[in-house]
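*Asks:*
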Amino acid sequence: MTPLFRPQPVNDPFGDPVVYVDFLFERRALLFDLGDLTPLPARKILRLSHVFVSHTHMDHFAGFDRLLRLCLGRERELTLYGPPGFVDQVEHKLAAYTWNLVHNYPADFTLTAAELHADQSLQRACFHCRTRFRRETLAPLVLHNGILLDEEGFRVRAVLLDHDIPCLGFALEEKLHMNVWKNRLQDLGLPTGPWLKDLKRLVRHDAPDDTPVRIHWSDHAGEYERTLPVGQLRDTVLQIVPGQKIAYVVDVVYHAENARRIVELVGDADILFMECVFLTGDTERAAARFHLTARQAGTLARAAGVKRLVPLHFSPRYSDDPEALRREAEAAFAGDDA
Ligand SMILES: [Zn+2]
Ligand SMILES: [Zn+2]
Numbered sequence: 001m002t003p004l005f006r007p008q009p010v011n012d013p014f015g016d017p018v019v020y021v022d023f024l025f026e027r028r029a030l031l032f033d034l035g036d037l038t039p040l041p042a043r044k045i046l047r048l049s050h051v052f053v054s055h056t057h058m059d060h061f062a063g064f065d066r067l068l069r070l071c072l073g074r075e076r077e078l079t080l081y082g083p084p085g086f087v088d089q090v091e092h093k094l095a096a097y098t099w100n101l102v103h104n105y106p107a108d109f110t111l112t113a114a115e116l117h118a119d120q121s122l123q124r125a126c127f128h129c130r131t132r133f134r135r136e137t138l139a140p141l142v143l144h145n146g147i148l149l150d151e152e153g154f155r156v157r158a159v160l161l162d163h164d165i166p167c168l169g170f171a172l173e174e175k176l177h178m179n180v181w182k183n184r185l186q187d188l189g190l191p192t193g194p195w196l197k198d199l200k201r202l203v204r205h206d207a208p209d210d211t212p213v214r215i216h217w218s219d220h221a222g223e224y225e226r227t228l229p230v231g232q233l234r235d236t237v238l239q240i241v242p243g244q245k246i247a248y249v250v251d252v253v254y255h256a257e258n259a260r261r262i263v264e265l266v267g268d269a270d271i272l273f274m275e276c277v278f279l280t281g282d283t284e285r286a287a288a289r290f291h292l293t294a295r296q297a298g299t300l301a302r303a304a305g306v307k308r309l310v311p312l313h314f315s316p317r318y319s320d321d322p323e324a325l326r327r328e329a330e331a332a333f334a335g336d337d338a
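With our numbering, letter number 262 in the sequence shown gets 262, and the count goes up by one each step, no holes.
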C-alpha cells in the first residue's frame, strides 16, 4: 500500500515537538504543533493548509511568527486549531504588530483560528490581512466526536487532555485506501481515467451495489461507453485496505482519565508520536510538570495497540544519554518491563 501521508518530526527529540505531515500526491501538508520551525524550508511551510496546536506553551506555539511572515502578501488560506482560549491568543499575536500598510498588498492572506471546547463546540474567527487582521467572528460549529476536519480522503480528530491546562491530542486517519488493479481493468477491457475517482467516491460513501457507473472513453478507432454497477467494479478492480493512522500526543500528565482518552484516540495507530519527557526515576518530577515518563508513554502505546512509537520531547536533563529514554519507552512498548 502506498500511504497518502509522510509524517516526520521537524526537530531532534530535545528540540520542540513538531510533526510535519506531507501529502505524497498533492502539494500540501499539515502540521502538528507550531514550535521551532527553523529546519523547515519556506517552500515546505508554504504547503501547510491546516496547523493543529496542542496548547500554547512557547515550545508549541513560538513558530507562529515565522509561519505568519511567510504567508503575508500571498493569496492563501490557513486554518489553525487549538484548545479553549486559542482564538484570543491568535488575535493577540496578530495585534502585536503594526499593519498600517497591508491594505495595499496585492494578495490577501486569510487566517482562520478555531478552538475546541469540552462541549464539542468549535469557536472560530477569521482574520484577513487586507483588513489589518481585525477579528471577524464566525458561527461556531458543533463537532461530532472531536472531528475537526473531515475531507474526502482523511479526517483529523482531537480530544482534550489534561496538562494542568487543556491540551489537545490528535489523530489523522486516512479513510479507506483504494488501489486499482490495473491488470483486472485490462481484462475487463476498461481504461483508466477520471471515472475511477467517481467509483472510489461512490464506494467511500457506501453507494448501493447496483448504482450505475458510466465509463466513457475514446481512442483512434472511436468512442466507447459502458455502464457497470458499483458493486461489481468494487469487487473486481479495487483493492480496499484500511488507511494509515497517525497520532500525536504531547504534554499530558499520567492519570486514569488521560490514559483512557489517549488509548481511545490513538488506538491501532500505525505511527504514534508521543512525548517521553522523563525517565521513570523522575516520575515525581514528571507528575509535578504534568508530563509523561518514557515508560508511561510506552505503556499507553502498547495498551492502544499502536504499531510504531516515535518518542519526542526529551527533557534536556538527559542530553548526555537520550538512548536511556528510548530504551525505557521501547521496553514498556514491548511489554518487557512488567
Ligand atoms: Zn506544555
Ligand atoms: Zn512542551
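Each residue gets a CB set at the ideal place from its N, CA and C atoms; glycine is no exception.
Excluding the 5 residues preceding and the 5 following Gly82 in the sequence, name in chain order all residues of the same chain whose CB lies nearer than 6 Å to its CB.
*Replies:* Indexing the sequence shown from 1 puts residue 82 at position 82. Excluding positions up to five away in sequence, the list reads Val53, Glu115.
*Asks:* Opposite His177 in the DSSP bridges: which residues?
*Replies:* As a working note, residue 177 is residue 177 in the sequence shown. Beta-bridge pairing links His177 to Val241.
*Asks:* Does the Cβ of Pro106 have 16 or more other Cβ atoms within 10 Å, making it buried, or fewer, making it exposed?
*Replies:* Here residue 106 refers to the residue found at position 106 when the sequence shown is read from its first residue. Pro106 is exposed by the Cβ-count criterion.
*Asks:* May I have all residues whose beta carbon comes closer than 5 Å to any heavy atom of ligand 2, sorted in chain order?
*Replies:* Asp59, Asp251
*Asks:* What is the rounded straight-line gap between the Cα of Val51 and the Cα of Asp33?
*Replies:* If you number the sequence shown from 1, residue 51 lands on position 51. If you number the sequence shown from 1, residue 33 lands on position 33. Here the alpha carbon of Val51 sits roughly 7 Å from the alpha carbon of Asp33.
*Asks:* What is the DSSP secondary structure of Pro311, reduced to helix, strand or coil?
*Replies:* Counting from one through the sequence shown, the residue named residue 311 turns up at place 311. If DSSP states are grouped into helix, strand and coil, Pro311 belongs with the strands.
*Asks:* Give every residue of the same chain whose Cβ lies closer than 6 Å to the Cβ of Asp59, excluding the five residues on either side of it in the sequence, and list them in chain order.
*Replies:* For the purposes of this step, residue 59 is taken as residue 59 along the sequence shown, with counting starting at 1. Cβ neighbours of Asp59 beyond the five flanking positions: Asp16, Gly35.
*Asks:* Going by beta carbon distance, what residues of the same chain come within less than 7 Å of Ala62, once the five residues before and after it are set aside?
*Replies:* Counting from one through the sequence shown, the residue named residue 62 turns up at place 62. The residues are Gly35, Asp36.
*Asks:* Return helix, strand or coil for Pro208, following the three-state DSSP convention.
*Replies:* Sequence index remark: in the sequence shown, residue 208 carries index 208 (1-based). If DSSP states are grouped into helix, strand and coil, Pro208 belongs with coil.
*Asks:* Figure out for me which residue from Glu152, Leu40, Gln89 has the closest Cα to the Cα of Leu70.
*Replies:* Your numbering for residue 70 matches position 70 in the sequence shown. Cα-wise, what sits closest to Leu70 is Leu40.
*Asks:* Which whole-angstrom value is the C-beta distance of Leu78 and Ser49, which I expect to be below 8 Å?
*Replies:* As a first step, residue 78 must be located in the sequence shown, where it is residue number 78. As a first step, residue 49 must be located in the sequence shown, where it is residue number 49. Yes, they are in contact, since the Cβ atoms of Leu78 and Ser49 sit about 7 Å apart, within 8 Å.
*Asks:* Does Thr293 come out as helix, strand or coil in the three-state DSSP assignment?
*Replies:* Position 293 of the sequence shown, counted from the first residue, corresponds to residue 293. If DSSP states are grouped into helix, strand and coil, Thr293 belongs with the strands.
*Asks:* Can you tell me the Cβ-Cβ gap for Trp217 and Pro242, rounded? I've got them flagged as a contact below 8 Å.
*Replies:* Start at 1 with the first residue of the sequence shown, and residue 217 comes out as number 217. Start at 1 with the first residue of the sequence shown, and residue 242 comes out as number 242. At roughly 31 Å, the Cβ-Cβ gap does not stay under 8 Å, so Trp217 and Pro242 are not in contact.
*Asks:* Give every residue of the same chain whose Cβ lies closer than 8 Å to the Cβ of Phe154, excluding the five residues on either side of it in the sequence, and list them in chain order.
*Replies:* Residue mapping note: residue 154 aligns to position 154 of the sequence shown, counting from 1. So the list reads Leu4, Phe5, Leu172, Glu173, Glu174, Lys175, Gly243, once near-sequence residues are dropped.
*Asks:* Can you list, in chain order, the residues of its chain whose CB lies under 7 Å from that of His128, leaving out five sequence neighbours each side?
*Replies:* Within the sequence shown, residue 128 is the residue found at index 128, counting from 1. Asp108, Thr110, listed in sequence order.
*Asks:* Could you check whether the stretch 257–268 touches the stretch 290–303, counting it as contact only if at least three pairs of C-beta atoms, one from each stretch, sit closer than 8 Å?
*Replies:* Taking 8 Å as the limit for Cβ pairs, the verdict is that the stretch 290–303 does touch the stretch 257–268.
*Asks:* Starting from the Cα of Arg132, find the closest Cα among Ser121, Asn100, Gly146, Pro208 and give me that residue.
*Replies:* Taking the sequence shown and counting its residues from 1, the one referred to as residue 132 is at position 132. Nearest C-alpha to Arg132: Asn100.
*Asks:* Where Asp162 and Val253 are concerned, what is the direct C-alpha to C-alpha distance, given to the nearest angstrom?
*Replies:* Here the question's residue 162 lines up with position 162 in the sequence shown. Here the question's residue 253 lines up with position 253 in the sequence shown. In a straight line, the C-alpha of Asp162 is about 6 Å away from that of Val253.
*Asks:* List the endpoints of the continuous alpha helix (DSSP H) containing Pro7.
*Replies:* Start at 1 with the first residue of the sequence shown, and residue 7 comes out as number 7. Careful: Pro7 lies outside any alpha helix (DSSP H), inside the beta strand (DSSP E) at 5–9.
*Asks:* Is any heavy atom in ligand 1 found nearer than 7 Å to the beta carbon of His255?
*Replies:* For the purposes of this step, residue 255 is taken as residue 255 along the sequence shown, with counting starting at 1. Outside the cutoff, so no.
*Asks:* Could you have a look at Phe342 and say whether DSSP puts it in helix, strand or coil?
*Replies:* This structure cannot speak to residue 342, because the chain is shown only from 1 to 338.
*Asks:* Compare the beta carbon distance of Phe278 and Phe14 with 8 Å and say whether it is the shorter of the two.
*Replies:* To locate residue 278, count along the sequence shown from 1; it is residue 278. To locate residue 14, count along the sequence shown from 1; it is residue 14. Taking 8 Å as the Cβ cut-off, Phe278 and Phe14 do not qualify as a contacting pair.
*Asks:* Verify the contact flag: His177, CB atom, against every heavy atom of ligand 1, threshold strictly below 7 Å.
*Replies:* Numbered from its first residue, the sequence shown carries residue 177 at position 177. No; taking the cut-off as 7 Å, the Cβ of His177 has no heavy atom of ligand 1 nearer than that.
*Asks:* Quick one: measure Cβ to Cβ for Arg130 and Val102, integer angstroms, because I've assumed they're closer than 8 Å.
*Replies:* Counting from one through the sequence shown, the residue named residue 130 turns up at place 130. Counting from one through the sequence shown, the residue named residue 102 turns up at place 102. Indeed, because the Cβ distance is near 6 Å, the residues count as touching under 8 Å.
*Asks:* On the criterion of 16 or more Cβ atoms from any shown chain inside 10 Å, does Lys182 qualify as buried, or is it exposed?
*Replies:* Taking the first residue of the sequence shown as position 1, residue 182 is located at position 182. By the neighbour-count rule (16 or more Cβ atoms within 10 Å), Lys182 is not buried but exposed.
*Asks:* Between His117 and ligand 1, is there a pair consisting of the residue's CB and a ligand heavy atom that are separated by less than 7 Å?
*Replies:* Residue mapping note: residue 117 aligns to position 117 of the sequence shown, counting from 1. No.
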